[in-house]
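J.: Residue numbers (this note's numbering), protein chains in the order written: chain A, 3 to 237; chain B, 158 to 392. Heads up, the beta-carbon is just placed ideally off N, CA and C, and yes, glycines get one too.
1. Should residue 102 of chain A go down as buried or exposed, given a rule of 16 or more other Cβ atoms within 10 Å for buried?
2. Do residue 304 of chain B and residue 372 of chain B count as a contact pair if the criterion is CB distance below 8 Å?
3. Roughly how many angstroms lie between the CA atoms of residue 301 of chain B and residue 337 of chain B, to the nearest whole one?
4. Have a look at residue 46 of chain A and residue 306 of chain B and give me their C-alpha separation to the nearest angstrom.
5. Check the Cβ of residue 260 of chain B against every Cβ in chain A and list those closer than 8 Å, keeping chain order.
6. Please report whether the beta-carbon of residue 241 of chain B lies at a distance below 8 Å from any beta-carbon of chain A.
7. Going along chain B in order, which residues have a C-beta closer than 7 Å to the C-beta of residue 70 of chain A?
8. For residue 42 of chain A, count neighbouring C-beta atoms within 10 Å of its own C-beta (all shown protein chains included) and say buried if the count is 16 or more, exposed if not.
9. Assuming residue 67 of chain A is part of the beta strand (DSSP E), what are its boundary residues?
10. Pull out every residue of the region 106 to 126 of chain A whose Cβ sits closer than 8 Å to any Cβ of chain B, in chain order.
11. Please go through the same chain and pick out, in chain order, the residues whose beta-carbon is closer than 7 Å to the beta-carbon of residue 298 of chain B, but skip the five residues on each side of it.
12. Residues of chain A with CB under 8 Å from residue 170 of chain B, in chain order?
13. Identify, in the order they occur along the chain, each residue of the same chain with its Cβ nearer than 7 Å to the Cβ of residue 236 of chain A, setting aside the five sequence neighbours on each side.
14. Which whole-angstrom value describes the C-beta separation of residue 205 of chain A and residue 140 of chain A, a residue pair presumed to lie in contact below a C-beta threshold of 8 Å?
15. How long is the line joining the alpha carbons of residue 180 of chain B and residue 377 of chain B, rounded to whole angstroms?
16. For residue 340 of chain B, count the other beta carbons within 10 Å of its own beta carbon; 16 or more makes it buried, fewer makes it exposed. Which is it?
17. Look up residue 44 of chain A in the DSSP assignment and say whether it is helix, strand or coil.
18. Is the shortest distance between the beta-carbon of residue 175 of chain B and the beta-carbons of chain A less than 8 Å?
19. Who are the neighbours of residue 234 of chain B on chain A, taking C-beta pairs under 8 Å?
20. Starting from the C-beta of residue 323 of chain B, find all residues in its chain whose C-beta is less than 6 Å away, skip the five residues before and the five after it, and write them out in chain order.
21. 8 Å is my cut-off, CB to CB: does residue 226 of chain B come that close to chain A?
22. How would you write the range of the beta strand (DSSP E) that residue 199 of chain B sits in, first residue to last?
23. Give a yes or no on whether the minimum CB-CB distance between residue 267 of chain B and chain A is below 8 Å.
24. Count Cβ pairs between the region 178 to 194 of chain B and the region 228 to 236 of chain B that sit closer than 8 Å; are there 3 or more?
25. Measuring CA to CA, which of A:185, A:83 and A:137 is closest to residue 225 of chain A?
26. Comparing the C-beta of residue 95 of chain A with each C-beta of chain B, is any distance below 8 Å?
27. Would you identify the three-state DSSP class for residue 263 of chain B, choosing helix, strand or coil?
28. Please state whether DSSP places residue 229 of chain A in a helix, a strand or coil.
29. Beta-carbon of residue 322 of chain B versus every beta-carbon of chain A: anything under 8 Å?
30. Curious, which full-length beta strand (DSSP E) runs of at least 3 residues does the region 53 to 87 of chain A contain?
31. For residue 224 of chain B versus residue 166 of chain B, is the C-beta spacing smaller than 8 Å?
32. Would you tell me roughly how many angstroms separate the C-alpha atoms of residue 281 of chain B and residue 122 of chain A, rounded to the nearest one?
33. Run down chain B in chain order and give the residues with a C-beta less than 7 Å from the C-beta of residue 100 of chain A.
34. So that I know if they touch, is there some Cβ in chain B lying closer than 8 Å to that of residue 104 of chain A?
35. I need the DSSP call for residue 158 of chain B, collapsed to helix, strand or coil.
36. Three-state secondary structure (DSSP) at residue 251 of chain B?
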């Protein structure tokens, strides 16, 4: 680490990732680096008590932020993850085929709008009726994601699953598993569970494989810390 | 064109078919991508106020744009479609090949998606003058951000011809210029003025540069047409 005469801490001649262990967006960046096996320094940012220098790294004060060896700063979790995929093509995080890339991007977008966004609404809903409505919407989203996974597993690039790229934990997982990992939080605060029925088969097969893969477990925050960190979203 | 029935939809056999509405800024991203890459396609115009009964077969979300590939696959989401064109036709050079440059271009586009576009529609929808002013300031803050990024970018490419990549149109313009065009509605209905001062100089230079390009003029709409089209958003 560089000394205090620099304006903010970073790793000289290396990658520095400013992150927060419980933040699902930051986990995308962490996982991208780990799956690609690219050495990187992690600087943990306490989001409830940000260091006074952090605005020099990211004026929006969000995580993750990436400092490249050249001193360039990148923000936005998916931009960072895609940068890693582009910069380290040997890791094969992302297919080179245009259609496959597009289908993967659509999957990530689906997951984001039908699962990740709804997750926050379930937490924030004040009365029980609203919570139930949002939970229903969330299950609808899980069913849609289930169907998309099954579509993908019929394709050449998906060949039977359980991950988006078949037997490889790669970009689609990097971009989504941290949000699936939040279901624990919803179970704790809202009694939310994904049923073990046919309509959810795709999701359960995928997530069942995800939770046992080091790509997930290596970056998984401690359950208690994770659950506690979401308390502030409750009404 | 294949025949239509209740279970079919019109498309061009062996070619790309693009389902668009010409005045929709999202659809214009797809139109400009195909234009810039010089890829032939069949255009099917969708009347958003009177959608064809078959359109759900193309896009269950009933939005434009949608793209049918020669293989029969369908893609949705304007940014996914324009990126597909960039990936599928790399000789068009709509994206740089360098990972960092790609990331920086994506972040430039993100300013429009996250800061300018929401405030654009927000300013139109806002009932009170106070809220309109807040949204207008949000647009200007986004434009200043874009201006700074353009300045940084031009130092990097050492090229002062005014486009993001200097002398050629890329996704930096394709994914954004339709929304700058839309600002005419905020100017006419809400009195938005983009200053000519230093903070906005790079942005204004960029607008001047792309406005002269056929990639822009082929699909741009006159200010009064835009203002009329967006009248429906007014509170």
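T.: Taking the geometry as given:
1. buried
2. no
3. 13 Å
4. 27 Å
5. 76, 81, 82, 84, 85 and 88
6. yes
7. 257
8. buried
9. 67 to 69
10. 107, 108 and 111
11. 272
12. In chain order: nothing, as chain A lies at least about 18 Å away.
13. 125 and 191
14. With a Cβ gap of about 11 Å, residue 205 of chain A and residue 140 of chain A do not count as contacting.
15. 8 Å
16. buried
17. strand
18. no
19. 107, 108 and 111
20. 314 and 316
21. yes
22. 199 to 202
23. yes
24. yes
25. A:185
26. no
27. helix
28. helix
29. no
30. 67 to 69 and 75 to 77
31. no
32. 27 Å
33. 241, 244 and 245
34. yes
35. In this prediction, residue 158 of chain B scores a pLDDT of 48, lower than 50, which makes its location untrustworthy; no coordinate-derived value is stated.
36. coil
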